[in-house]
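Following UniProt numbering, the numbering of the sequence shown begins with 1 at its first residue and continues without gaps.
Glycine included, every Cβ here is placed at the ideal spot set by N, Cα and C.
Please read these numbers as outputs of a predicted model, since none were measured by experiment.
Quick notes on the structure that follows.
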Amino acid sequence: VRFGWGGFRTCTLLSCNEESKLKWDLFRGYNKSIRPAAHPTDKVEVQVKLILTNLISLEKTLTTNVWVQWNDIRLAWNTSVYFGMEVIRVPYNTVWLPEIILENNIDGKFDVAYYANVLIYSSEITYFPFDYQYCTVVFRSQRYSANEFEIILAVDAETNKPIEWVDIDPEAFTNGEWAIKHRPARKLINSRYTPDDLEYQEISFNLVIQREPLFYIINIILPCSLISSLVVLAYLLPTVFLFLIAQKVPETSLNVPLISKYLIFVMSVTTLIATNQIVVLNISLCSPNTHTMSHTPCPTQHVCIH
């Protein structure tokens, strides 16, 4: 037992010593501020892949994982020399990072774990709750031009073709309010710029999502339609449903949803009908006991009575 344990400890210490020696050899003279290119004219190829994890709400959170992959030729070794080790793990702040930024984000922070709070895009709610929303996520290099740095879509290991879509995590993605209709991804070349400009190349991920209208049909549209059919008899004002819609749609003044226009129209018609009946009843039912009457009936009273 002692021999086995002692042998295990010896192998463990040997492995640790070999790993320490490997790290020392790899990072001796390593400069993380210099891009990993063998020659100054070589380009560093960086692959980007976006995985959609969750879509909580249109105005709240879009949770994604962005995988960035590149090859650092300086971090290579002969496994036979270092006890057969093929993989080592080092802190992210000790190696070169491609510094890819989210271009249309209002938060300028960047880290190996990238936290982007808000994307900037306009909401089109004219046909709420039967609306579509379009969201675009754009990545580009923060420091290097296209002559030094090439950003491309990640390549599928099985087909060896670019992954030209936003990947979805089937185990984590669950959403009952939105349905994803299209999710293309592509590399964009801006012809307005030259390869020396940072804006020359970028990776764009697009999402086209459709709102699931069943909840709004059952809880808003159907009750409002029933009230509208009975409005002449009941004079019910659907202000509660208008308030519900105001809570659900994004706060924007660019356009007004058609369903809001419909509810405002119903409220206006109901108000006119109620006002008209008040005036008609007040004039047609007036008497000497309630009003000062003239000997000659006024034309308005004659019209209301007849």
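Of the choices the options, whose alpha-carbon is the least far from that of residue i?
i      : options                       : result
Leu207 : Leu188, Asp196, Ile180        : Ile180
Leu214 : Pro129, Ala146, Asp196        : Pro129
Asn147 : Asp42, Val138, Ile283, Ile221 : Asp42
Leu222 : Ile259, Arg186, Ser191        : Ile259
Val88  : Leu102, Tyr127, Glu19, Ile100 : Checking the sequence shown, residue 88 turns out to be Ile, not Val. Among Leu102, Tyr127, Glu19, Ile100, the Cα nearest to that of Ile88 belongs to Glu19.
Phe265 : Gln142, Asn282, Ser225        : Ser225
Val66  : Lys161, Arg140, Ile220, Phe83 : Arg140
Arg74  : Asn219, Glu158, Trp24         : Trp24
Trp77  : Asn31, Glu99, Leu22           : Leu22
Arg183 : Glu212, Tyr134, Ile218        : Tyr134
Thr94  : Ile218, Tyr127, Asn31, Gln142 : Asn31
Go through its chain and collect everything with a Cβ distance to residue i's Cβ below 8 Å, but skip five positions before and after it.
i      : result
Tyr235 : At Tyr235 the pLDDT is 48, less than 50, meaning the model places this residue with poor confidence; the figure from the coordinates comes in the next sentence. Excluding positions up to five away in sequence, the list reads Thr270, Ile273, Ala274.
Ala185 : Leu50, Leu153, Ile163, Glu164, Trp165, Val166, Ile203, Ser204, Phe205, Asn206
Ser33  : Trp96
With 16 other CB atoms within 10 Å as the buried threshold, where does residue i fall?
i      : result
Asn17  : exposed
Ile125 : buried
Ala113 : Here Ala113 scores only 46 on pLDDT, less than 50, and its place in the model should not be relied on; the value that follows carries that caveat. When all chains shown are included, Ala113 counts as exposed.
Gln47  : buried
Leu26  : buried
Thr79  : exposed
Ile52  : The identity of residue 52 in the sequence shown is Leu, whereas the question assumes Ile. Classification of Leu52: buried, given that the 10 Å Cβ count is 16 or more.
Leu188 : exposed
Thr136 : exposed
Thr159 : exposed
Leu263 : buried
Val44  : buried
Arg211 : buried
Once you ignore the five residues that flank residue i on each side, which residues in its own chain have a CB closer than 6 Å to its CB?
i      : result
Asp111 : In this prediction, Asp111 scores a pLDDT of 46, lower than 50, which makes its location untrustworthy; no coordinate-derived value is stated.
Asn175 : Leu55
Asp156 : Ile163
Val138 : Glu103, Asn104, Glu202, Ser204
Where does residue i fall in DSSP's three states?
i      : result
Tyr132 : strand
Lys32  : coil
Val280 : helix
Ser145 : coil
Phe173 : coil
Asn65  : strand
Leu55  : strand
Trp165 : strand
Ile218 : helix
Pro91  : coil
Kindly list the residues whose CB is nearer than 7 Å to the CB of residue i, restricted to its own chain and excluding five residues on each side of it in sequence; keep chain order.
i      : result
Pro195 : Ser145, Ala146, Asn147
Tyr216 : Pro129
Thr64  : Leu50, Ile51, Leu52, Thr53
For a test of your reading of the model: does the CB of residue i fall under 7 Å from any non-hydrogen atom of the ligand ADP? Yes or no.
i     : result
Ser20 : Here there are no bound small molecules, and the ligand ADP is not part of this structure.
Does the pairing of the stretch 158-178 with the stretch 190-203 give three or more beta-carbon distances under 8 Å?
-> The stretch 158-178 vs the stretch 190-203: no contact.
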